[in-house]
Each structure stands twice: as structure tokens, then as C-alpha cells.
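In this note's numbering, the protein residues as written are 2 to 190. Glycine residues also receive a C-beta, built at the ideal position from the N, C-alpha and C atoms.
What follows is the structure in C-alpha cells.
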């Protein structure tokens with residue numbers, strides 16, 4: 002794969018380059034080492050693409066997991082204890098949220114990485130919520146989000162979001178005080 006686009010959210014490019022140049026080298030090498038063609042294995046059953054061979058996001062994610070694991074990047078999972086104090090007095094709690102957690106794909110030192118070849122909402126959630134939560138918990142101080150560009154997403158199942166859409170949303174949203182610096186990398190096969 003190759004990096005086709007770079008977006009610096011809240012100074013993410015500058016911050017990651019300054020604090021973690023050695024880790025950015027690892028990220029770039031990991032992206033370049035993923036052979037996208039090896040993951041074009043999904044036979045589409047969708048009406049508009051029946052029989053077409055598409056890239057498999059789960060296979061691509063597995064390839065990234067293997068690459069980053071070999072470089073000693075680790076996922077971090079934090080337990081979520083959801084409060085019950087906000088329910089109304091007359092509400093009877095019908096289920097407990099046992100085993101709830103949040104997980105970041107990869108962390109090394111204090112740089113977090115999310116690889117997102119999924120649905121649209123997860124890209125914005127990763128950058129505007131999850132990375133902030135993991136910073137607040139002391140696990141990261143900045144992040145990297147790896148997403149497909151539109152040309153790459155066009156060869157995946159419908160509904161996969163892409164770099165250009167993500168950039169438009171972040172530009173239109175703006176930056177908030179609680180956001181953290183994130184380097185967003187748009188990748189292509």
C-alpha cells in the first residue's frame with residue numbers, strides 16, 4: 002500500500018513528526034509493507050457489484066495487526082464502568098453492562114493508532130471521541146488514523162468510508178479544545 006493523502010488534525014502531522022519521528026518511520030514502513038492485492042479476496046453478493054472481487058477490510062485489518070504486532074505495537078483495552086446514577090428513580094435497571102470496554106488498535110510509547118476500513122461513523126468517533134478518552138486516561142498524547150482513499154474504498158463493499166469524506170467532515174466540524182493532535186493517513190492499494 003501507499004500513502005496517498007495526509008491530513009493534520011489539530012497539528013497532528015507536526016506533533017507526531019516532532020515527538021515520534023522514529024515511530025512515524027515504523028508506521029510508514031508498515032503501510033508500505035501491506036500487499037493490498039493479497040487481500041482482494043471477497044466475492045461481492047451486493048446487487049450493484051455481484052460477483053466482483055473486492056478488497057476485504059477484515060483481511061486488511063489482520064495484515065496491519067500482524068505488521069504492527071511484529072514492531073511491538075500493542076492494543077490497549079480499558080474497562081468501562083457505566084454509571085447508573087442518571088436513571089430516573091422509577092426506572093428498573095434490566096441489564097448490567099458487564100464486560101464493556103474500549104480498545105485502541107495499537108499504542109507504542111504514547112502514540113495511538115487506529116486502522117479504519119469500516120463504516121463512516123467509526124472514523125469520526127476514533128478521532129473525536131476515542132483518542133480523547135485514551136489521552137484523558139493517560140495512554141496516548143497524539144494519534145494516527147489510517148483510512149482508505151475513495152479510489153480504494155470503491156473496490157470494497159458499499160458503506161466503507163474514505164479519506165476525502167472524513168476530511169470534509171473534520172474541516173466542517175472544526176477543532177475543539179478537548180481534541181488531540183491526530184495525523185490522518187489516506188492509503189491506496
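- Residue 7 has its alpha-carbon roughly 24 Å from the corresponding atom of residue 73.
- Secondary structure note for residue 109: its beta strand (DSSP E) is the uninterrupted segment 102–109.
- Annotation for residue 145: the continuous beta strand (DSSP E) segment containing it runs 143–149.
- When DSSP states are grouped into helix, strand and coil, residue 35 belongs to the coil group.
- Taking the CA atoms as reference points, residue 43 sits about 13 Å from residue 159.
- Residue 141 and residue 177 have their C-alpha atoms some 18 Å from each other.
- In the DSSP assignment, residue 171 falls within the unbroken alpha helix (DSSP H) covering 164–174.
- Taken through DSSP and simplified to helix, strand or coil, residue 22 comes out as helix.
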